[in-house]
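These notes concern the structure reproduced below.
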Amino acid sequence: MQLFTSKWIKRLLIIGFLLSTHPYIYSQSKVLLSDEKQIIEQAVRELNSAFTPPEGKLYQALSLLPVSNSTYIFDITVHKKGEIATVYAVNPGEGTIAVRNKLEIILRQFQLSFKMPKNNRYKFQYTIKY
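Encoded structure:
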């Protein structure tokens, strides 16, 4: 009795091919940053790029809000896998409370592309001119 028949070899090759082409294998894993300065710099870089017109994700979300020509300063806390945990308005700005609240919601929903050490939270200030 032959252990590996051509039928079994074909099946193994097909299974191997299907497993090697699975999208999970090629998905990007988040980079682990451990230095506080690196984490804050990377977070600010990503927020800046998300606010750049016209293709920035946060810029597109802001385009739905009424223009307030105001400057907002937020305390932002990031944790876990690049999640924005808290957004607190330090400077209420000259705009309306509704615009400020929507900015907070938009920022809280933003996901950063890196992860951090467990049980660590990093806080920084971010200024938005809108």
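The sequence shown begins at 17 in the working numbering and counts up by one.
Glycine is no exception: its CB is placed at the ideal position from the N, C-alpha and C atoms.
Rounded to whole angstroms, the gap between the alpha carbons of Gln76 and Glu120 is 15 Å. Counting along the chain, no beta strand (DSSP E) covers Gln125; the unbroken alpha helix (DSSP H) around it starts and ends at Ile113 to Gln125. For Tyr138, the closest of Ser86, Asp91, Leu29 and Asn85 by C-alpha to C-alpha distance is Asp91. Tyr75 carries a helical assignment under DSSP once its states are collapsed to helix, strand and coil. Distance from Leu49 to Gln58 at the Cβ level is roughly 6 Å; contact confirmed, criterion being Cβ atoms closer than 8 Å. Taking each of Ser129, Asn117 and Thr21 in turn and checking the Cα distance to Thr102, the smallest one comes out for Asn117.
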